[in-house]
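Protein chains in written order, with this note's numbering: chain A, 1 to 480; chain B, 1001 to 1480; chain C, 2001 to 2480; chain D, 3001 to 3480.
Backbone N, C-alpha and C fix where the C-beta goes; we use that ideal spot for every residue, glycine too.
Protein chains: 4
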Amino acid sequence: MKLSKLYKEIVLDDSFNNWKKLFIYYMQVNKAHTLMLKKARIVSEDILAQIAQALRKIEKEQIGGDLPEQVEDLVFLVERRMAELIGVEKAGFLHTARSRNDVDATVFRICVREELMRFCRYMVTLVEALIQKAENSIETLTLLYTHGQPAQVSSFAHYLLSFVFDLIETLDALYQSLHTVNLCPMGSGAITTTGFPIDRKLVSDYLGFSKPVENSYRAIVTSHWIIMPSTVLKTLMNDLTRLVQDFIHKSSCEVGILQFPDDLVQISSIMPQKRNPVVLEHIRIRANTANGIFNTVEQSFMNTAYQDVNENGDFVLFKFLEAVKIAKEALQLAQEVFQKVKVDENRVKDLALKTGATTTELADELVRRFGISFRQSHSLVSDYVKAGMKYGVIKEKFEQLFGMKFNLTQEQVNEILSSENFVQVRKVLGGPYKDQVLEMIKQAQMRTKDINEKLLSLSEQVALSLTRLEKDFDELLQPK
Amino acid sequence: MKLSKLYKEIVLDDSFNNWKKLFIYYMQVNKAHTLMLKKARIVSEDILAQIAQALRKIEKEQIGGDLPEQVEDLVFLVERRMAELIGVEKAGFLHTARSRNDVDATVFRICVREELMRFCRYMVTLVEALIQKAENSIETLTLLYTHGQPAQVSSFAHYLLSFVFDLIETLDALYQSLHTVNLCPMGSGAITTTGFPIDRKLVSDYLGFSKPVENSYRAIVTSHWIIMPSTVLKTLMNDLTRLVQDFIHKSSCEVGILQFPDDLVQISSIMPQKRNPVVLEHIRIRANTANGIFNTVEQSFMNTAYQDVNENGDFVLFKFLEAVKIAKEALQLAQEVFQKVKVDENRVKDLALKTGATTTELADELVRRFGISFRQSHSLVSDYVKAGMKYGVIKEKFEQLFGMKFNLTQEQVNEILSSENFVQVRKVLGGPYKDQVLEMIKQAQMRTKDINEKLLSLSEQVALSLTRLEKDFDELLQPK
Amino acid sequence: MKLSKLYKEIVLDDSFNNWKKLFIYYMQVNKAHTLMLKKARIVSEDILAQIAQALRKIEKEQIGGDLPEQVEDLVFLVERRMAELIGVEKAGFLHTARSRNDVDATVFRICVREELMRFCRYMVTLVEALIQKAENSIETLTLLYTHGQPAQVSSFAHYLLSFVFDLIETLDALYQSLHTVNLCPMGSGAITTTGFPIDRKLVSDYLGFSKPVENSYRAIVTSHWIIMPSTVLKTLMNDLTRLVQDFIHKSSCEVGILQFPDDLVQISSIMPQKRNPVVLEHIRIRANTANGIFNTVEQSFMNTAYQDVNENGDFVLFKFLEAVKIAKEALQLAQEVFQKVKVDENRVKDLALKTGATTTELADELVRRFGISFRQSHSLVSDYVKAGMKYGVIKEKFEQLFGMKFNLTQEQVNEILSSENFVQVRKVLGGPYKDQVLEMIKQAQMRTKDINEKLLSLSEQVALSLTRLEKDFDELLQPK
Amino acid sequence: MKLSKLYKEIVLDDSFNNWKKLFIYYMQVNKAHTLMLKKARIVSEDILAQIAQALRKIEKEQIGGDLPEQVEDLVFLVERRMAELIGVEKAGFLHTARSRNDVDATVFRICVREELMRFCRYMVTLVEALIQKAENSIETLTLLYTHGQPAQVSSFAHYLLSFVFDLIETLDALYQSLHTVNLCPMGSGAITTTGFPIDRKLVSDYLGFSKPVENSYRAIVTSHWIIMPSTVLKTLMNDLTRLVQDFIHKSSCEVGILQFPDDLVQISSIMPQKRNPVVLEHIRIRANTANGIFNTVEQSFMNTAYQDVNENGDFVLFKFLEAVKIAKEALQLAQEVFQKVKVDENRVKDLALKTGATTTELADELVRRFGISFRQSHSLVSDYVKAGMKYGVIKEKFEQLFGMKFNLTQEQVNEILSSENFVQVRKVLGGPYKDQVLEMIKQAQMRTKDINEKLLSLSEQVALSLTRLEKDFDELLQPK
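Listed below in structure tokens is the structure:
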């Protein structure tokens, strides 16, 4: 190689730095391939033993520093080192029946799989923390809004659980995308496999994949391994921006329903009542940015030929990894917010009363109690509200209109209009009444547990595979 | 209502036109709610019978023309008509224990479900047609490229099956997204359900949903019902742009591997050899546009508060529907392309020879036959290629280098270098050898059949539900 | 032509409907080209006179209905009609020295130019209306926020003028983009001009362009004519979403600074205090959607070859036009909002007091009056605020700290803390003090007037050119 | 401050690292503000002299290492250091009549201005290099394509100049965006200026801005300073992806018009004819990625309130800077490609002949020479081409059809069909004929020179301002 200086500086050096972070996965691929070459009797045991010893040595030496002048990338650097150790001819046998393409694709998929498993496991933690918060907020009243205007009273648990189910749906989709990722390209060669009698299933098993990619061309050219998880993570970030905007609104000075401790708030030295929960904006910025970078990953593939393209390379992969990191930061900040946020219930009740957020219930109750029509009842209550909620008004109007006695006392009316009652009567599936919230919590826990178990099982299967890989590789090292 | 003239022209009239297309779903929701009100004994049977008769009448009258001046939207127009028919008080009972919010959300989800089921079923057809094409192309040679340069020979079936598995993965994800869509919001009221003893499960069953949305706030505020399918359809369009760019390359005048019949080609009157398969560009444009509009749908929700927002309304929904329509057109054009495209095998063999696309196989064969090292073999073959593929050169160099007799005749070497042999020896899982391709076809058929069965089962379940809805509703109409 | 049925239905019929809207521009191009062919003596006067008569006839007949089976598009339909009128040979002369490519590119640029001029003129109206509103709001106090928290008092004029200058900056950039659009492709032929001695300048002048595109390849392949205005319009929509979110916040029930008349508000039948300015959400949705479709237009070109591509065709153009229409609607709704919105000054003063939004000024005033340090002053005022703004506290603390007499009366302190004073003292360039606001208004008016004059001048030049085109074309019709 | 540990790690530490790169600009702002405070007699000369000395000392010490536990950011760190040097009270005077908001906004605008000036100057170099390449390619034939099919012959200069004019248009727009950026926010305070008699013009002049932002609210809340340049840079990257795709096509093995030296090509060890110009893909990837990150910057602002938001902060700014860096790399790689690419003229002529890319000219010439109709001529030439370009065929058919003698010899016909002639006769404005290309080069040079001069003048003005700033600041340091 003698590539242009500028090309080296801009492309190769950058790529080399990326590959240093992929080194461990690259070595796993080398080991699995070496074991397969032996099992399939493609290369002699003696040569493979020497290759294995060289690989182990290189693994211990690590790769550091800058990319040397005459070397194209980390893979060639490893090759060169191996040639120094056992001679160029023997070293060359490692590349029998494989290609740079299937090696790269496999390394990238291992990397994404590891990131996603870690991210999913973190999401489980987050969901569990939110469910825990919901459990502690079953009796905590809150005010919910539509179109920015106060609408109805509910419990904070009911509100949080809405987002919990959104999270679970996304977590589930992210877990599904792992199935797309966790297929093994090895053995696809450049694009059409090879004439050697390789065993793709064996390599796939050693590396913890569920199975080889079904079609060798696809193994190299598809973008699904990176786009499928990207789209789900984008949706997650989208949801997060929405929740944050809601929290910003609810914690504004005038609304004042949500409150944060000092360590998440910027305080003005001169305006003590100004408590700016600036952390919310920082979540929003990160969620938007992560969303944008995931989108960049997707868009990079648009209108590129359905061939082996470099978009399926480390440059785009590392943008994806950057976005995953930012997304994780956004979620971590959000988790801290969830843990520390407090609801000011007095403010909730006060606002509920002032904004008539419970009057629907009075109208409904009159329908149920007196059998009057829905429309008449609402009209009656509306007059009552407009008249400043004077008991006399509703009583008089009611009796005049329906010719029945209005046998509710002032206390009973107030009780019906109370925030507590509003929540209490909403016993319907999905509503804020305690039993229903407990049912939702149970359901959310079950679904989370279910995904978590599948995740753990996958993690274990991968760990076992890699352990077996190391163990069998160790045996290769032993002289016969 | 007396809303501003401009507001009516820009917002209300547009929305009214959208709702005319949703009318049928809106009436289904009305019927299901009416039946539930009866079953749950929330409204008297007599009133419900009159409501039912009015609904049936309105259903037959249809809604047409422009939105009248004093009416806000189609829902109010239906209400007004019902009031004309049975009086405003009785008509009002239909709205007991429901809200505009849950009605809208339910109508939108039914609409998206119907679109997605139709789209998925079409995708099944498309996949089956492609598999059929692959079956007919198992022996058809083609040349595959990496980074725009000829790389290796394969079969056209092998190439098409790569895309088939991409399609199946997307189809599967789209089917998964249907689970997100097919939950019933009805009974969520404005956001917190209601104090009436409604039966959400019953309404959900009547409308063919799998179950009610778990949380009533979420039923109104989540964007997943529209974003989850959008992200999958975006990926599908992304894939399509890639395949089309590949087809454009392969059908270019200089490459000439793919050929199209006259009815998909623009011919220049003066340059008879200029055959421009312009249909490919039109697929690309539509795929990019659909991708962009789906992205618009997603982005619309970014940074909107996690509340009841109008982004969950008909305006954004109809952008989604427009994108679905364009996506469908792109796929239909693609299907026609798949059906009619032909491979010029002579051109394939000619190019394969000229570009040395099969020489890898000669090197591999020498390794296997003579036990020489991979690296030496490749170096030898490289010299042979550089020398213009002269038999004498390889024979002489081989014998000189390894001191063995080169016992392959010129015919044998040519045979090894033939495109047919290149494909023939690639017997590995996922490769182009006939048996492997048949295995892939079998797998693809099974997976498609599996999804298709799930789709059919869902369609049937929905159809049965709606039949039961109509039947039970008919009974409501009968006087007792 | 005998193109595939599906291709006709999806591609050609759609394109035909688009071209019907471009017919007028296509005829302008035909006329200009005919006049040039005469002036450059490329075709005989006699033939051109017959062509001219045929064109006039076709122009009057209009093009309607569906695309006939055997015709590819509107241009061929016009050709066919002309052949009917004057024979196929003579009709053919119209195409001398031109190509479908330069004709299309010219028609599209005329269309975009007309749309942009109209849009820019509307933006001028909008800016003027906003300036007018600002003029009427110079003394109207408002409260301004940072990070969602009340920060400082200002005038409503000051606030609106901020957006006015954003609008002017965008309008200016949109006007600049017109220079990119208003270049004439005619004469570029397919991509390399022609061997005929055509006069590109003449055609350009007739059609009101500023000059021919400098390079004939570029005339066909560049995307700037559609992307450059798209990017500016995207920014405009982005700004609009931000202002709308601010208005939503300021008109929320709890903040209550902005108020809207009934005809822009949805009122709940039961909660009279719930006044939901839903129009704001509808602006937001349209602004996001237009932004997204403009983005779709841009993205369509990504990774398409720098050649003559169909992305430079009517399909993408009509998406652009759709986005322009939606953008215009968003602005029209916004204009109505600007006209009708009212500031509740009592609420402003009340909130300002409660949130200490003017206390900065008291600290600043103490610095100026007593020469104490900024930091000490702020610390003192902070204590005063924390103590509930009790006059005694500040007086005592001040005298104790600085050993000076605190010679401000309670009235003076209140006066300093008043919203009116806060604005009054901010006499700095760009601040809310009346004179500065008047200066901003003057500046904004001058810049708007300047752009408007340039727009009018451009419109007039185009109108004059087209008038000359028609006049000269009429002369062609006369028999010699 | 005692902010949460997680918040510090994720938000503050990251921001601190960003601000270290902004330190130099922050110090410039400090100096300009100090000088203004003196000129406007707001703070005593003695205190300002001490502040100035402290600033100079801090400037020399630099800021390094990690953010200390109890400090929020770099600005507070500088403050703390200043308090150590001259006491907290005196240090506090620096903040008289300014706010964190206007300081930040000013620092960010200086940073973006510097980046853009540097980028624009680089673009000038690139454009000049391309013009130079065009000058050297005036006589170099190339084949140009439409819709992926060979269309017409031109000169390589003509082709390159198309992109040159695109670049100039973008450069011009980028320069225009500098006017939006180069306005000074200082003096806007938090959002409404201040009651102190500050001189915003003076600070603006010292920092090299053209003038203060017109409206103090806008100075803090607008996003134009970052979005306006982003949109232009996005378009530039879009254009680049298109050119690169065209180069990839033209340098494909089968087309073979463009060739690259070994140092930009990946060579396969076994397929010597496989020359993969992988650098083109790396340009494409970077252009797509930069485009995507600029888009992320834009989208971040969507639906955020038109207030002081943290999106106008260092996090988003540094994403912008990252995208600028990637965009620059893409352009640098492209420049290397432009310098080193070679056209294979023999291949051009060969392809031109084979694909009939010059036959249009024969038809046109017959029209001009014999006065026959365009349509008849093309039909005749078409028959000739279909018959394999046999001279006898055209001669016979012509004479039969028109009853005239076909007085062109075979050599004359071949001459007319030659690539050289095709270019030679295209003498029209914007066409490939030498004189026209020279005219385009002149025009391109003039426009580039014009922008370059404006850039130099701006750079000089900024440099002079900053020199004056340092000089006047030095005087402040001197004891009186």
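Asked: So what does DSSP say about residue 2181 of chain C, is it helix, strand or coil?; Found: helix
Asked: Any beta carbon from chain C within less than 8 Å of residue 1306 of chain B's own beta carbon?; Found: no
Asked: List in chain order: all unbroken beta strand (DSSP E) runs of 3+ residues lying wholly within the region 2022-2060 of chain C.; Found: none
Asked: On the DSSP letters alone, give me the boundaries of the beta strand (DSSP E) that residue 2152 of chain C sits inside.; Found: 2149-2155
Asked: Please work out which residues of its chain come closer than 8 Å, Cβ to Cβ, to residue 297 of chain A, disregarding the five sequence neighbours upstream and downstream, and give them in chain order.; Found: 226, 227, 230, 316, 319, 320 and 323
Asked: Bridge partners for residue 267 of chain A per DSSP, in chain order?; Found: A:275
Asked: Count the C-beta pairs between the region 3127-3140 of chain D and the region 3241-3248 of chain D that are closer than 8 Å, then say yes if the count reaches three, no if not.; Found: no
Asked: With a Cβ-Cβ cutoff of 8 Å, do residue 183 of chain A and residue 210 of chain A count as a contact?; Found: yes
Asked: From residue 2239 of chain C to residue 3312 of chain D, what distance separates their C-alpha atoms?; Found: 13 Å
Asked: Hey, how far is the Cα of residue 1299 of chain B from the Cα of residue 2287 of chain C?; Found: 11 Å
Asked: Any beta carbon from chain C within less than 8 Å of residue 490 of chain A's own beta carbon?; Found: The first residue shown for chain A is 1 and the last is 480, placing residue 490 of chain A beyond what the model contains.
Asked: Which residues bound the alpha helix (DSSP H) around residue 3241 of chain D?; Found: 3224-3250
Asked: Residue 1262 of chain B touches chain C at which residues, Cβ-Cβ below 8 Å?; Found: 2002
Asked: Going by other Cβ atoms of all chains shown within 10 Å of its Cβ, with 16 needed for buried, is residue 1138 of chain B buried or exposed?; Found: buried
Asked: If contact means a Cβ-Cβ distance below 7 Å, which residues of the region 140-167 of chain A contact chain C?; Found: 147, 148, 149 and 150
Asked: To the nearest angstrom, how far is it from the Cα of residue 2475 of chain C to the Cα of residue 2036 of chain C?; Found: 13 Å
Asked: Find the residues of chain A that neighbour residue 1228 of chain B, judging by a C-beta separation of less than 8 Å, and give them in chain order.; Found: 169, 173 and 235
Asked: Using C-beta distances below 7 Å, list every residue in its chain close to residue 3056 of chain D, excluding the 5 sequence neighbours before and after it, in chain order.; Found: 3477
Asked: Please classify residue 1259 of chain B: does DSSP put it in a helix, a strand, or coil?; Found: strand
Asked: Taking a Cβ distance cut-off of 7 Å, strictly less, list which residues of the region 415-430 of chain A are near chain B, in chain order.; Found: 425, 426, 428, 429 and 430
Asked: Locate the alpha helix (DSSP H) running through residue 122 of chain A, then write down its first and last residues.; Found: 100-135
Asked: Which residue comes first and which comes last in the alpha helix (DSSP H) that contains residue 3141 of chain D?; Found: From DSSP, residue 3141 of chain D is part of no alpha helix (DSSP H) but of the beta strand (DSSP E) over 3141-3146.
Asked: Could you give the first and the last residue of the continuous alpha helix (DSSP H) run that contains residue 1095 of chain B?; Found: It is not in any alpha helix (DSSP H) - residue 1095 of chain B carries neither H nor E in the DSSP assignment.
Asked: List the whole-angstrom C-beta distance separating residue 3193 of chain D from residue 3224 of chain D, where the pair is believed to meet the contact cut-off of C-beta under 8 Å.; Found: Actually they are not in contact, since the Cβ atoms of residue 3193 of chain D and residue 3224 of chain D sit about 20 Å apart, beyond 8 Å.
Asked: Residue 2213 of chain C CB to nearest chain G CB: under 8 Å?; Found: In the structure shown, chain G cannot be found, because the protein chains are A, B, C and D.
Asked: Which whole-angstrom value is the C-beta distance of residue 1455 of chain B and residue 1343 of chain B, which I expect to be below 8 Å?; Found: That belief does not hold up - the Cβ atoms of residue 1455 of chain B and residue 1343 of chain B are roughly 32 Å apart, past 8 Å.
Asked: Let's test the definition: count the other Cβ atoms within 10 Å of the Cβ of residue 2409 of chain C and tell me whether it reaches 16, buried, or not, exposed.; Found: exposed
Asked: Suppose the cutoff is 8 Å on Cβ atoms and the five residues either side in sequence are ignored; what does the same chain contact list for residue 189 of chain A look like?; Found: 97, 98, 99, 101, 102 and 216
Asked: Write down the C-beta distance between residue 2126 of chain C and residue 2458 of chain C rounded to the nearest angstrom, noting that I regard them as a contact closer than 8 Å.; Found: No, residue 2126 of chain C and residue 2458 of chain C are not in contact; Cβ-Cβ is about 19 Å, not under 8 Å.
Asked: Can you name the start and end residues of the alpha helix (DSSP H) that residue 3076 of chain D belongs to?; Found: 3074-3086
Asked: Quick one: is residue 1440 of chain B near chain A, going by C-beta distance under 8 Å?; Found: yes
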